[in-house]
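A.B. asks: My structure is below; once you've seen it, I'll send some questions.
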Amino acid sequence: MAAASSSSSSSYNPSTPHGVAERRGIPAASFVEDVETYLNQAGLDVNSSLSFLQDRLQQYKIVEMKLLAQQRDLQAKIPDIEKCLDIVATLQAKKGSGEALIADYEVSEGIYSRAKIEETDSVCLWLGANVMLEYSCDEANALLKKNLENAKASLEVLVADLQFIRDQETITQVTIARVYNWDVHQRRMKETLKEI
222 MAAASSSSSS SYNPSTPHGV AERRGIPAAS FVEDVETYLN QAGLDVNSSL
272 SFLQDRLQQY KIVEMKLLAQ QRDLQAKIPD IEKCLDIVAT LQAKKGSGEA
322 LIADYEVSEG IYSRAKIEET DSVCLWLGAN VMLEYSCDEA NALLKKNLEN
372 AKASLEVLVA DLQFIRDQET ITQVTIARVY NWDVHQRRMK ETLKEI
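For the sequence shown, the numbering used here gives the first residue as 222, with consecutive numbering after it.
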């Protein structure tokens, strides 16, 4: 089936959205204006074409589910990074004032404790995979800002990828409907000709 699509792209040029052939490895769906030409150029019959298009639609849906999971993870991560930045900024603002910072923190789910934080020049940050490193407040601030920028940039790319994949799903669904309707029309015409 992949050979059929590559041969069709060399000789048959259906329009793709904004001339995009793929986005980050996700192949673009082609809008089929003339079903008969599409089937002839691809060298497929109706059933194999519909099967190919259904498989492609399922692949798009799987990619969409993965992207949605990544989007949820990033949307949960960004507020955490912003909260950490606020805490580091508060520690830096209290620095030199001689007054301790009283903070409530979560020990585990639903269990909180209160801490008295004296003046400090460093903070410990969880990096993931059960790794914690100590940074100076300035280094922690810079690292957190960089992580926040990266997370927001990744979220923007994910949103664009999701829009792209949804467009491809729509184009594929329309193509499936067009091929199916063309096949129904052809069968009816054959039946009409037999009756005559």
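All C-beta atoms, glycine included, are put in the ideal place defined by N, C-alpha and C. Values in this document were obtained by computation on a predicted structure and should not be read as measured data.
Thinking just about the alpha-carbon of each residue, which of D382, Q407 and E412 is nearest to the one in M286?
C.D. replies: Closest by alpha carbon: D382.
A.B. asks: Output needed for H239: all residues of its chain with C-beta closer than 8 angstroms, excluding positions within five of it in sequence on either side, in chain order.
C.D. replies: Low confidence applies here, because H239 scores a pLDDT of 44, under 50, leaving its location unreliable; read the following figure in that light. The answer is none, since no qualifying residue turns up.
A.B. asks: Of all the options K316, A350 and A249, which has the alpha carbon lying nearest to the alpha carbon of E390?
C.D. replies: Minimum Cα distance to E390 is reached at A249.
A.B. asks: Please name the residue or residues paired with V344 in a DSSP beta bridge.
C.D. replies: Answer is Y356.
A.B. asks: Just to confirm my understanding: we take S375, look at its own chain, exclude 5 residues before and 5 after, and list those with CB closer than 7 angstroms. What are they?
C.D. replies: Contacts found: L295.
A.B. asks: Could you tell me if C345 is buried or exposed, where buried requires 16 or more neighbouring beta carbons within 10 angstroms of its beta carbon?
C.D. replies: It counts as exposed.
A.B. asks: Smallest Cα separation from T396: which of A350, L288, E254 and Q292?
C.D. replies: Minimum Cα distance to T396 is reached at E254.
A.B. asks: Quick one: Cα of A398 to Cα of E377, how far?
C.D. replies: Rounded to whole angstroms, A398 to E377 spans 32 angstroms at the Cα level.
A.B. asks: So what does DSSP say about E243, is it helix, strand or coil?
C.D. replies: Strand at E243.
A.B. asks: What do you get for V328, buried or exposed, if any count of 16 or more other CB atoms within 10 angstroms of its CB means buried?
C.D. replies: Exposed, since its Cβ has fewer than 16 Cβ neighbours within 10 Å.
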